[in-house]
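Protein sequences, first through last, are from chains P and S.
Residues 116 to 613 (this note's numbering) are what the first sequence spells out, left to right.
Residues 148 to 622 (this note's numbering) are what the second sequence spells out, left to right.
We treat Cβ as the ideally placed atom computed from N, Cα and C, and that holds for glycine.
Note that the structure is a prediction, hence the values are computed from the model and not measured.
Scroll down for the structure; my scribbles are underneath it.
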Amino acid sequence: MENILSILIFFPVVAAVFILIFSKSGKFAMWSAFIASVIEFILTIPLMTNFDKGTAGMQFVERYYWIRSFNIDYYLGVDGISILMVFLTTLLSAIAILGSFTYIQKREKEFYVSMLVLEAAMVGVFCALDFFLFYIFWEAMLIPMYLIIGVWGGQRRIYAAVKFFLYTLAGSVFMMLAIIALYFKYGSMTGEYTFDILKISAMGAQFPVEFQIIVFLAFFFGFAIKVPMFPFHTWLPDAHVEAPTAGSVILAGVLLKMGTYGFLRFCLPITPIASIKFVPLIAILSVIAIIYGGLVAMVQEDVKKLVAYSSVSHMGFVTLGIYAFNQSGIEGGILQMFNHGIITGALFLLIGLIYERTHTRLIADYGGIAAKVPVYSTVFLIFTMASVALPSMGGFIGEFLVLVGAFKSFPTYAAVASLGVIVSAVYMLWMYQRVFFQTVNPNLHHLEDMNVREVFYMFPLLIIVFWTGLYPETFTSYMHESVKQLVEQINAVSIAMK
Amino acid sequence: MIENLVSIMPELMMTIFGLILIVIDIIAGKNSKAGVGYFGIFFIIVAILASVPVGGFKIFGFGNTLVWDMYSFAFFCVFAIAYIMSTLGSVDYLREKGILKGEYYTIMFFSIVGMMFMVSATDLAVLYAGMETMAISMYILAGFEKNNLKSNEAGLKYFIIGAFSSAIFLFGLSYIYGYTGSTRYVDIAQMIQTNGLSNFNIKLGMVMMLAGLAFKISAVPFHMWAPDVYNGAPTPATGFMTVAPKAAAMGAIVRYVWIALEPAAGQWQLFFSILAVLTMTYGNLVALAQNNVKRMLAYSAISHAGYMLIGVVAVNEFGYRAIAFYTFVYAFMNIGAFTILSLMKNKGIIEDERLESFAGLGKKYPITSLAMLVFMFSLAGIPPLAGFMGKFYIFTAAIKSGVIWLAIVGVINSVIACYYYMRVTIFMYFKESEYDVEVNMKPASFIASLLAVVFVLLIGIFPSFFMDIVKYMIV
Chain P
116 MENILSILIF
126 FPVVAAVFIL
136 IFSKSGKFAM
146 WSAFIASVIE
156 FILTIPLMTN
166 FDKGTAGMQF
176 VERYYWIRSF
186 NIDYYLGVDG
196 ISILMVFLTT
206 LLSAIAILGS
216 FTYIQKREKE
226 FYVSMLVLEA
236 AMVGVFCALD
246 FFLFYIFWEA
256 MLIPMYLIIG
266 VWGGQRRIYA
276 AVKFFLYTLA
286 GSVFMMLAII
296 ALYFKYGSMT
306 GEYTFDILKI
316 SAMGAQFPVE
326 FQIIVFLAFF
336 FGFAIKVPMF
346 PFHTWLPDAH
356 VEAPTAGSVI
366 LAGVLLKMGT
376 YGFLRFCLPI
386 TPIASIKFVP
396 LIAILSVIAI
406 IYGGLVAMVQ
416 EDVKKLVAYS
426 SVSHMGFVTL
436 GIYAFNQSGI
446 EGGILQMFNH
456 GIITGALFLL
466 IGLIYERTHT
476 RLIADYGGIA
486 AKVPVYSTVF
496 LIFTMASVAL
506 PSMGGFIGEF
516 LVLVGAFKSF
526 PTYAAVASLG
536 VIVSAVYMLW
546 MYQRVFFQTV
556 NPNLHHLEDM
566 NVREVFYMFP
576 LLIIVFWTGL
586 YPETFTSYMH
596 ESVKQLVEQI
606 NAVSIAMK
Chain S
148 MIENLVSIMP
158 ELMMTIFGLI
168 LIVIDIIAGK
178 NSKAGVGYFG
188 IFFIIVAILA
198 SVPVGGFKIF
208 GFGNTLVWDM
218 YSFAFFCVFA
228 IAYIMSTLGS
238 VDYLREKGIL
248 KGEYYTIMFF
258 SIVGMMFMVS
268 ATDLAVLYAG
278 METMAISMYI
288 LAGFEKNNLK
298 SNEAGLKYFI
308 IGAFSSAIFL
318 FGLSYIYGYT
328 GSTRYVDIAQ
338 MIQTNGLSNF
348 NIKLGMVMML
358 AGLAFKISAV
368 PFHMWAPDVY
378 NGAPTPATGF
388 MTVAPKAAAM
398 GAIVRYVWIA
408 LEPAAGQWQL
418 FFSILAVLTM
428 TYGNLVALAQ
438 NNVKRMLAYS
448 AISHAGYMLI
458 GVVAVNEFGY
468 RAIAFYTFVY
478 AFMNIGAFTI
488 LSLMKNKGII
498 EDERLESFAG
508 LGKKYPITSL
518 AMLVFMFSLA
528 GIPPLAGFMG
538 KFYIFTAAIK
548 SGVIWLAIVG
558 VINSVIACYY
568 YMRVTIFMYF
578 KESEYDVEVN
588 MKPASFIASL
598 LAVVFVLLIG
608 IFPSFFMDIV
618 KYMIV
């Protein structure tokens, strides 16, 4: 248990190197990658069970010197906010790998190696407690994702891969400058030069306001692109649509969460004054994302694109919740991050597996398949309902908590945002109706239903979506203390400002 | 007397070894000329080991006109790396083209002597002598492919423009000498200390002198020779030319700014920042439009000089360390990229180095392509590769000394640059092959690219060791 986080980060890398060297056939690569990702997921279970929910501090901390001349440490730890994200990452990675068995038909070895390296970097992002280390993982993620989109993607994959890469890079280089600036600012104020995130966070309120605003904007730029917030969302539909199924699952399920995770972990504690000052901006952008994303999703002809735009809308709820600065808003935001990962991941998987059979994603090419593929239709219906936030399912709890929190802080925006729930019902249900009901498209008479493997990987997602809907406390109990501490920190600053 | 000898001991050793190399070249049979290069590698390693400065000493020699210290040693290491890597990488290429001659390695070896003098010079006359030794060797290297018109053009162009830049340098030097009555850095510093930089003539002299050096690092607007020369020279030689002379000239600039301009260093910040911004931006923007990878890397070499100049703008030891570290990293990744480029062969339909040659390479030659991918992303500055650590060091230096706007320009540039490096990977991995391309990896070039990949990863993941080396070297 001592080095569990390091094991979580380096095990996939070791597995990737193993596959790279020893794999002779695609089958071997595929199975060893799957086994590795399952082991990785099993390793997160003791992490979850041994986690002490009664404290807000970092747990499973590891710290070693890394680059002494800059006081950079190899410093890892998880708290109530990041542990759920680690869980989500390892779960979705295993499922995405299993979901690619038949989808990926060429250069399997390279694909699974990329997936494992990507997984390692994602876990690293959520565990890093040193700014420099965080940045390394944050950027290292780009190369495998770029290859996944570019090599195994659809028609316009090159455009999408390059756009994804450059957009994200453009956002994060400013973050790097902000990190360096924080390093020197903290050093000049305390005499200790460090990239330690916790130490810098503890000083947050004491940084000068102008400095905070500049740092906040640099961070905001990086994270807003990742979330993505309106108007930085244009890379998302391209990347999601062109990426192979596993790529879309990871993109929507985990990569988007890194943006909101960044807001929680960095913007709020390190630049609290600037965060408070920018609440109206973020709230407006979130509300625009919710409504605009939903409206654009409504007119899409491609199912995958529809789900991609729905992500913009759902992630708007997350940022709205976080910037409500109260317990229910932030907890709702985190839960929504988790749920959105599960639900959207599941939807992308479902779209991917029907695409393998029909080679089309256009809504117009479907119709009436409910009778042909009853299991598939049922599973799709469940996740559609979860996505439109039907009570008893995960999506509902998250959005409800967010709206409760938002009503306390900014009722007007919250009122507008709640319209987004209706919009999401419109586009999802309308899409469901056009794909699954109405007259049967004659081309689809031989459509096969889900096979055992496909049911097998949807199963954990089904359980979790009901679990979070019926008993969210299992998941929210992890975050109570950490969120409480964060809220207290922000409130102290906002009282001091008045 | 002893002190004088000790202060030039490494250069002396290199010269003697160089002469021995000529003898070896005469003895060696027609088909074993690669041996000259391998002996050169052996000699240069011996020279490095023999001149490790123990305990951070500084030895001035010949009336304070040159110095052997940790800083000179750091750059000697960079030159040695460049020599070793490009020697290993060149054997196959030269044999292929039928120009495998011992002179190639001897000339490269002697050029390093000149570079060492440039970095350790604390006198403008010594600097000039070193610069010429280096430059003349480079002219020959550029034109080494005798039967290739482009190579001839490169040699001639380099020679004419190089001679021109030397003349400008000398003209500036004469102004400075006329005003101060000395060419030694300390005397110049003394003069600036007492009189300031108000005099127009001395300013003119300084600018002309620095322009002469800026020619050597191909800083914009003194870059016109670079693309054609880099493009025309034999590919492995280009790898060497983009790294070693650039490092030497950077070292010389830093030494000059460090000692001679020290009293007025702040006033030169603007001069160097303009140079840095122009160099980065121009190099990157033009590289975007290239369809020939060699030409693209030539422009990228220009832009990298711009990043290095940011370290000069910082005008503190932190920045100088950053430059030394950057050249160190740059030597590995750039020569690695050129080594792989030199192996590309397609059967005469289009130029070997065209971007289209790379199409589908990832499928046909997975290992070579992976190495190229590593070099490209390292040049683009994506972690966890060495190039990122170099950029990080440079930008940290800039922010530390308060020139944040320059750091911002720098990062925007590295995003722009990322696109053209990515284009190579796009062709390698995302496109199907169009032409019948062959990559004939022989042991020597394999070792060169392997070394480069290993060090790029090693410096990227465990930079501490290498940063410490640089840190202790520059005190």
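Taking the continuous beta strand (DSSP E) assigned at residue i, which residues delimit it?
i                      : result
residue 585 of chain S : 584 to 586
residue 532 of chain S : Run containing residue 532 of chain S: none; DSSP gives neither H nor E here.
residue 213 of chain S : 213 to 216
residue 629 of chain S : Any question about residue 629 of chain S goes unanswered here, given that chain S covers just 148 to 622.
residue 493 of chain S : 491 to 493
residue 325 of chain S : Premise fails: residue 325 of chain S lies in the alpha helix (DSSP H), 296 to 327, not in any beta strand (DSSP E).
Can you tell me the Cα-Cα spacing of residue i and residue j, whole angstroms?
i                      : j                      : result
residue 401 of chain P : residue 563 of chain P : 40 Å
residue 287 of chain S : residue 537 of chain S : 31 Å
residue 609 of chain S : residue 478 of chain S : 17 Å
residue 391 of chain S : residue 397 of chain S : 10 Å
residue 622 of chain S : residue 466 of chain S : Low confidence applies here, because residue 622 of chain S scores a pLDDT of 49, under 50, leaving its location unreliable and the question unanswered by this model.
residue 351 of chain P : residue 516 of chain S : 28 Å
residue 547 of chain P : residue 367 of chain P : 20 Å
residue 329 of chain P : residue 381 of chain P : 14 Å
residue 582 of chain P : residue 508 of chain P : 8 Å
residue 231 of chain S : residue 239 of chain S : 14 Å
residue 146 of chain P : residue 285 of chain S : 54 Å
residue 577 of chain P : residue 510 of chain P : 12 Å
Taking Cβ positions only, does residue i come closer than 8 Å to chain S?
i                      : result
residue 347 of chain P : no
residue 254 of chain P : yes
residue 227 of chain P : no
residue 277 of chain P : yes
residue 132 of chain P : no
residue 93 of chain P  : Because residue 93 of chain P is not part of the residues shown, which for chain P are 116 to 613, the question remains open.
residue 123 of chain P : no
residue 272 of chain P : yes
residue 295 of chain P : yes
residue 251 of chain P : yes
Mind checking which residues open and close the alpha helix (DSSP H) that includes residue i?
i                      : result
residue 422 of chain S : 416 to 435
residue 300 of chain P : 272 to 305
residue 191 of chain S : 181 to 197
residue 403 of chain S : 382 to 406
Since residue i contacts residue j with CB under 8 Å, what's their CB separation in whole angstroms?
i                      : j                      : result
residue 450 of chain P : residue 497 of chain P : Between residue 497 of chain P and residue 450 of chain P the Cβ distance is about 18 Å, and since that is not below 8 Å, they are no contact.
residue 364 of chain P : residue 206 of chain P : Wrong, their Cβ atoms sit about 11 Å apart, outside the cutoff.
residue 213 of chain P : residue 572 of chain P : 5 Å
residue 259 of chain P : residue 232 of chain P : 5 Å
residue 361 of chain P : residue 211 of chain P : 4 Å
residue 280 of chain S : residue 264 of chain S : 7 Å
Using a Cβ-Cβ distance cut-off of 8 Å, determine whether residue i contacts chain P.
i                      : result
residue 543 of chain S : yes
residue 494 of chain S : no
residue 443 of chain S : no
residue 470 of chain S : no
residue 511 of chain S : no
residue 531 of chain S : yes
residue 576 of chain S : yes
residue 622 of chain S : Its pLDDT being 49, under 50, residue 622 of chain S is placed unreliably by the model, and the measurement read from it follows with that caveat. Residue 622 of chain S does not count as touching chain P.
residue 475 of chain S : no
residue 362 of chain S : no
residue 410 of chain S : no
Using a Cβ-Cβ distance cut-off of 8 Å, determine whether residue i contacts chain A.
i                      : result
residue 566 of chain S : Structure shown: chain A not included; protein chains present are P and S.
Under 7 Å from any heavy atom of the ligand GDP, does the C-beta of residue i make it?
i                      : result
residue 119 of chain P : This structure lacks the ligand GDP; in fact it carries no ligand of any kind.
Completely contained alpha helix (DSSP H) runs for the stretch 420 to 478 of chain P, where each covers 4 or more residues:
442 to 473
Residue ranges of each alpha helix (DSSP H) run of no fewer than 4 residues wholly in the stretch 514 to 582 of chain P, ordered along the chain?
526 to 551
Would you mind listing the alpha helix (DSSP H) stretches within the stretch 216 to 263 of chain P that are 4+ residues and don't spill past its ends, in chain order?
223 to 242 and 246 to 255
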